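Trainee: The structure under discussion is supplied below as structure tokens; questions concerning it will follow.
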């Protein structure tokens with residue numbers, strides 16, 4: 035799956051979901067960033083990037 039396709043599908047999923055309390059959603063395609071503003075005013079950023087070297091597992095460094 036290509037990164038752009040994944041990011042677009044994630045945007046659609048967030049944008050079409052009425053029950054998540056999302057007030058606004060902005061896609062910065064240049065920086066592969068989704069910015070989400072919730073109905074209570076919180077703002078979250080989701081960075082979409084392909085993980086390299088993690089194809090065989092989900093281990094991340096804490």
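In the working numbering, the protein residues as written are 35 to 96. We put the beta carbon where it would ideally sit given N, CA and C, even for glycine. Since this is a predicted model, take the numbers as computed values, not measurements.
Could you spell out the range, first to last residue, of the beta strand (DSSP E) harbouring residue 58?
Mentor: 56 to 62 is the span of the beta strand (DSSP E), which, as asked, contains residue 58.
Trainee: Please list, in chain order, all residues of the same chain as residue 39 whose beta carbon is under 7 Å from its beta carbon, the five residues on each side excluded.
Mentor: Closer than 7 Å at Cβ, skipping near neighbours: no residue.
Trainee: Given a cut-off of 7 Å on the beta-carbon distance, is the pair residue 55 and residue 69 in contact?
Mentor: No; because the gap between Cβ atoms is not below 7 Å, this pair is not in contact.
Trainee: Alpha carbon to alpha carbon, what distance is there between residue 64 and residue 45?
Mentor: For residue 45 and residue 64, the distance between alpha carbons rounds to 15 Å.
Trainee: Do residue 84 and residue 48 count as a contact pair if the criterion is CB distance below 7 Å?
Mentor: No, they are not a contact pair.
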